[in-house]
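**Student:**
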Amino acid sequence: MRRAPLFLVLLASSALAWTGDLQAVPVCGLDLDGDGVPVESDCDDLDADVPAASTWYLDRDGDGVGGGIGTSACAEPAGYAGLSGDCDDADATVHPGALEVAGDGVDQDCDGRDGVVVAALVFDSGDTGFVDDTAWQDTGEADTDTDADTDADTDSDADTDSDADADSDADTDSDADTDADGPVYANGCSTGVVGGLGVWIARR
């Protein structure tokens, strides 16, 4: 019995590895089409225009946004979506980009808030429409009567005028408040204070 030359056996084995023959040994990282995507991740490793597999997320409520851990596939599996971030995948009205209904206790757009507009509260003790100089409801001047600041009253009406700031307290933006003191934010306005004088108004 004649034996084939050794170089012919090696040549045949090499051909099997590159032609996709079932007997060939798989080579990890092989990129046949040169698109930078290895064969095990490429949806068609003979066509450089075909991209790698995409990540898809289970979309239980069918709103086009999924959640949880994604799965890799070349085509979108049934019941999956290409977008993730759904914070309630059992409610189709809840997903990133959904219309938010403020104050209903539901975070429709999945931004971690209920859409309530937050405003700072300021004090108008004389009900004049002007904000008192030191009347921000903040940590630095929570008690406007005993904060040891000299409030300016330019028109002698027993009220601090809106454009006055006699405190020299670093009011660089002329908003009649100490810039170093940040306001305490609240969701609404009160109807008055102890003693019945003045109203807290929302300043946006």
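At position 131 of the sequence shown the residue is numbered 130 (numbering that gives the first Met the number 0), and the sequence of numbers has no breaks. All C-beta atoms, glycine included, are put in the ideal place defined by N, C-alpha and C. Quick caveat: nothing in here was measured; it's all calculated off a predicted structure.
#1: Whose C-alpha, out of 112, 90, 88, 89, is nearest the C-alpha of residue 99?
#2: Under 8 Å: do the segment 85-94 and the segment 60-70 share three or more Cβ pairs, one atom per stretch?
#3: Considering only C-alpha positions, which residue in the set 114, 109, 94, 96 is nearest to residue 103?
#4: Helix, strand or coil for residue 92? Go by DSSP, reduced to three states.
#5: Give the straight-line distance between the Cα atoms of residue 82 and residue 52, rounded to the nearest whole angstrom.
#6: So, helix, strand or coil for residue 57, using DSSP?
#7: Determine the burial state of residue 101: buried for a count of at least 16 other Cβ atoms within 10 Å of its Cβ, exposed for fewer.
#8: For residue 48 versus residue 38, is the C-beta distance shorter than 8 Å?
#9: State buried or exposed for residue 97, treating a residue as buried only when at least 16 other CB atoms are found within 10 Å of its CB.
#10: Please report the residue range of the beta strand (DSSP E) in which residue 64 lies.
**Tutor:** Per the coordinate set shown:
#1: The residue given as residue 99 occupies position 100 in the sequence shown. The residue with the shortest Cα to Cα distance from residue 99 is 112.
#2: yes
#3: Position 104 of the sequence shown, counting from 1, holds the residue named residue 103. Ranking 114, 109, 94, 96 by Cα distance to residue 103 puts 114 first.
#4: By one-based count along the sequence shown, residue 92 stands at place 93. The answer is coil: DSSP assigns residue 92 none of H, G, I, E or B.
#5: Here residue 82 is taken as the residue at index 83 of the sequence shown, counted from 1. Here residue 52 is taken as the residue at index 53 of the sequence shown, counted from 1. Whole-angstrom Cα-Cα distance: 15 Å.
#6: Reading the sequence shown from its first residue, position 58 is the one you call residue 57. Of the three classes helix, strand and coil, the one that applies to residue 57 here is strand, per DSSP.
#7: Taking the sequence shown and counting its residues from 1, the one referred to as residue 101 is at position 102. Classification of residue 101: exposed, given that the 10 Å Cβ count is below 16.
#8: Along the sequence shown, read from residue 1 onward, the residue named residue 48 stands at position 49. Along the sequence shown, read from residue 1 onward, the residue named residue 38 stands at position 39. Contact flag unset, no.
#9: As a first step, residue 97 is located in the sequence shown; it is residue number 98 there, counting from the start. Result: buried.
#10: Start at 1 with the first residue of the sequence shown, and residue 64 comes out as number 65. 64-72 is the span of the beta strand (DSSP E), which, as asked, contains residue 64.
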